[in-house]
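**Q**
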Amino acid sequence: MAEGNPLYDTYSRAPMRFERGEGVWLITEDGERYLDFAAGVAVNSLGHAHPHLVETLKAQAEKLWHVSNLYQSPGQEKLSGRLTEATFADKVFFTNSGAEALECAIKTARRYHYSRGHPEKFHIITFEGAFHGRTIATIAAGGQQKYIDGFGPKAAGFDQVPFEDMDALKAAITDATAAILLEPVQGEGGLRSFSTEFLKAVRTLCDEHGLLLILDEVQSGVGRTGSLFAHQKVGITPDIMAVAKGIGGGFPMGACLATAEAASGMVAGTHGSTYGGNPLAMAVGNAVLDIVLADGFLDHVRDVALVFRQGLASLKDRFPDVIEEIRGEGLMIGIKAKVPAGDLLQSIRDQKLLGVMAGDNVVRLLPPLVTTAEEAREGLARLEKAAETLHATNLR
Ligand SMILES: *Cc1c(COP(=O)(O)O)cnc(C)c1O
1136 MAEGNPLYDT YSRAPMRFER GEGVWLITED GERYLDFAAG VAVNSLGHAH
1186 PHLVETLKAQ AEKLWHVSNL YQSPGQEKLS GRLTEATFAD KVFFTNSGAE
1236 ALECAIKTAR RYHYSRGHPE KFHIITFEGA FHGRTIATIA AGGQQKYIDG
1286 FGPKAAGFDQ VPFEDMDALK AAITDATAAI LLEPVQGEGG LRSFSTEFLK
1336 AVRTLCDEHG LLLILDEVQS GVGRTGSLFA HQKVGITPDI MAVAKGIGGG
1386 FPMGACLATA EAASGMVAGT HGSTYGGNPL AMAVGNAVLD IVLADGFLDH
1436 VRDVALVFRQ GLASLKDRFP DVIEEIRGEG LMIGIKAKVP AGDLLQSIRD
1486 QKLLGVMAGD NVVRLLPPLV TTAEEAREGL ARLEKAAETL HATNLR
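Each residue of the sequence shown is one higher than the one before, counting from 1136 in the numbering used here.
#1: State the beta-bridge partners of residue 1135 as determined by DSSP.
#2: Rounding to the nearest angstrom, what Cα-Cα distance links residue 1331 and residue 1352 in this structure?
#3: Ligand 3 heavy atoms versus the CB of residue 1266: any closer than 6 Å?
#4: Regarding residue 1279 and ligand 1, is the C-beta to nearest heavy atom distance less than 6 Å?
#5: By a C-beta neighbour count over all protein chains shown, 10 Å radius and 16 as the cutoff for buried, is residue 1201 buried or exposed?
#6: Should the stretch 1450 to 1467 be called in touch with the stretch 1210 to 1226, which here means at least 3 C-beta pairs below 8 Å?
#7: Can you tell me whether residue 1351 sits near ligand 1, meaning its C-beta is under 6 Å from at least one heavy atom of the ligand?
#8: I believe residue 1164 touches residue 1154 by the beta-carbon criterion, under 8 Å. Please report the beta-carbon distance rounded to the nearest angstrom.
#9: Say yes only if the C-beta of residue 1354 is nearer than 6 Å to one or more non-hydrogen atoms of ligand 1, and no if none qualify.
#10: Counting C-beta neighbours from all protein chains within 10 Å, is the total for residue 1374 16 or more, i.e. buried, or is it exposed?
#11: Using a Cβ-Cβ cut-off of 7 Å (strictly less than) and excluding sequence neighbours within five positions of residue 1336, which residues of its own chain qualify?
#12: Using only the alpha-carbon positions, how far apart do residue 1181 and residue 1285 sit?
#13: Need the endpoints of the alpha helix (DSSP H) that residue 1282 sits in, please.
#14: Take residue 1169 and list the residues in its own chain whose beta-carbon comes closer than 6 Å to its own, dropping the five residues that flank it on each side.
#15: From the DSSP output, in three-state form, read off residue 1369 for me.
#16: How would you write the range of the beta strand (DSSP E) that residue 1409 sits in, first residue to last?
#17: With DSSP as the reference, please indicate the residues paired to residue 1314 in a beta bridge.
#18: Check the C-beta distance from residue 1348 over to residue 1308 and give it rounded, since I have them as a contact under 8 Å.
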C-alpha cells in the first residue's frame, strides 16, 4: 500500500497542474494561462490541440488503434515513403520513443558490420555532452556518469571523446569501431552546435575508415532548426538517423532512418516492436508532416526564429549580468545564464512563460513551430521582465 505519492520519485516536478492547451498556451486547473515555450521538450511541434491533429486522431480512433506488426501497415508505408522522399534515407523502422530510435540505430550499425563478416566492429564513438536516452545502451552512449551510476556494468562498446575534438576523435578510431554518433545540436547538453566544418570532417573521416555516421536528430529534427533536419542545412548526409519528439506532435512515436546499405543487416527477425508504428501513431505522424512539409512552413519557422534571435541579442546586451550567451539554431534556443539557470527558469515561470533546463547552465526555449511573431514578442517581453527582476536582485 502506498504512503504519500505513489509515483516513482524519478522526476522533480514543478508545482503546476495543466488541464488543457490551446496553440502555444497551457492552461492550469485553476485557469491560469502559461506561454508554453517548453512544448513538452520539443515535442508539441504544432502546439496544443492543433485542429488537424485532433481531427486526424479522432477519425483514426474510430477506425483502428492497433494490430501489431504481424500484418502490412498502410500508415507505415505512407509515412516511411514521405520520410525517405524528404531525406537521405531508403529505409525506416518505427518506434515509440527517441531512446528506442537510438537503440535501433545502434543495432543497425553493429549488424551492418556483423553481416559483412566483422562482428568485432561494434564500438560507437560519441561526444561529451551527448544525450541519447535512458535505456541501458543509450545511457552508455550518452556517457553521463550521473545517468550510468548504480545500474550495473556500463554497456560495452561506447567510447567518448571531448566535444569537437578532431585529434581525440581520430585517436579513438580502432579496428573495433563501427560508427560515430552525434547530435548536430546538443539538446540536453546545453544547445551546443557542431560547426559545419567539423561535421563535414566527421563525414569524411567515416568514409575513409568505413564507419557509419549516425545522427541523433530526436530533438533537432522535424523543422526545429528551420530546415526539416538540422544536417540538411550543413550539407552532409548520415547513414543512419534517429528521430522522435516533434515527429509525433505529442503522440509517442519515433523512427530510425537509414540508407539501404546501412540497413542491409537488419533482415527479418533481427528487430521488432509490438507498438512501433501503430495506426494511431502513423495517422498523427502523417498529419504532422502534412503541416511541416507544406509550402512556406519552414520559412515561417526561420522568420520567427529571427524575431527571437534579434530580441534575445538585445536582451543579452541590456542584461549582461543575467544572460551570458544566446545559443542554438532556429527554434532550438539556448540562453546561457550568468545567474544560476534554475533562477532564470523560475523567474520566467513567475512571468508565466515556460522553458526547459539544459546542461552547462542553460535555459532552453523550444517554442512550438507554429508560434507567431506576435507570440514570440510576447515571450520576449516576459523574458525581459524576468531579466529585469534578476538584474534588480543582483544590484541588491
Ligand atoms: C529526448 C532525446 C532522446 C530520448 O528520447 P526519449 O523519447 O525520451 O526516449 C534522445 N536523444 C535526444 C537528442 C533527445 O533530445
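Backbone N, C-alpha and C fix where the C-beta goes; we use that ideal spot for every residue, glycine too.
**A** Put simply:
#1: Coverage of the chain is limited to positions 1136 through 1531, which leaves residue 1135 absent and any answer about it impossible.
#2: Looking up residue 1331 in the sequence shown gives position 196. Looking up residue 1352 in the sequence shown gives position 217. The straight-line gap from Cα to Cα measures roughly 16 Å.
#3: Inclusion of ligand 3 in the displayed structure is not the case, the ligand content consisting of ligand 1 alone.
#4: Along the sequence shown, one-based indexing puts residue 1279 at 144. Flag unset: Cβ of residue 1279 not near ligand 1.
#5: As a first step, residue 1201 must be located in the sequence shown, where it is residue number 66. Looking at its Cβ environment, which holds fewer than 16 other Cβ atoms inside 10 Å, residue 1201 is exposed.
#6: no
#7: Within the sequence shown, the letter at position 216 stands for residue 1351. For ligand 1, at least one heavy atom lies less than 6 Å from the Cβ of residue 1351.
#8: One-based indexing of the sequence shown puts residue 1164 at position 29. One-based indexing of the sequence shown puts residue 1154 at position 19. 5 Å between Cβ atoms; contact.
#9: Position 219 of the sequence shown, counting from 1, holds the residue named residue 1354. Indeed, a heavy atom of ligand 1 lies less than 6 Å from the Cβ.
#10: Here residue 1374 is taken as the residue at index 239 of the sequence shown, counted from 1. Flag for residue 1374 reads buried.
#11: By 1-based counting over the sequence shown, the position of residue 1336 is 201. Contacts found: 1301.
#12: Mapped onto the sequence shown, residue 1181 falls at position 46. Mapped onto the sequence shown, residue 1285 falls at position 150. Annotation: residue 1181 to residue 1285 spans about 38 Å, alpha carbon to alpha carbon.
#13: As a first step, residue 1282 is located in the sequence shown; it is residue number 147 there, counting from the start. Residue 1282 -> alpha helix (DSSP H) spans 1280 to 1283.
#14: Locating residue 1169 in the sequence shown gives position 34, where the first residue counts as 1. The answer, listed in chain order, is 1161, 1487 and 1489.
#15: Here residue 1369 is taken as the residue at index 234 of the sequence shown, counted from 1. Helix at residue 1369.
#16: Here residue 1409 is taken as the residue at index 274 of the sequence shown, counted from 1. Bounds of any beta strand (DSSP E) do not take in residue 1409, whose DSSP letter is neither H nor E.
#17: For this step, residue 1314 is matched to residue 179 along the sequence shown. For residue 1314, which the question treats as bridged, DSSP gives the partners 1259 and 1347.
#18: Here residue 1348 is taken as the residue at index 213 of the sequence shown, counted from 1. Here residue 1308 is taken as the residue at index 173 of the sequence shown, counted from 1. Not quite, the Cβ-Cβ distance comes to about 13 Å (not below 8 Å), so this is no contact.
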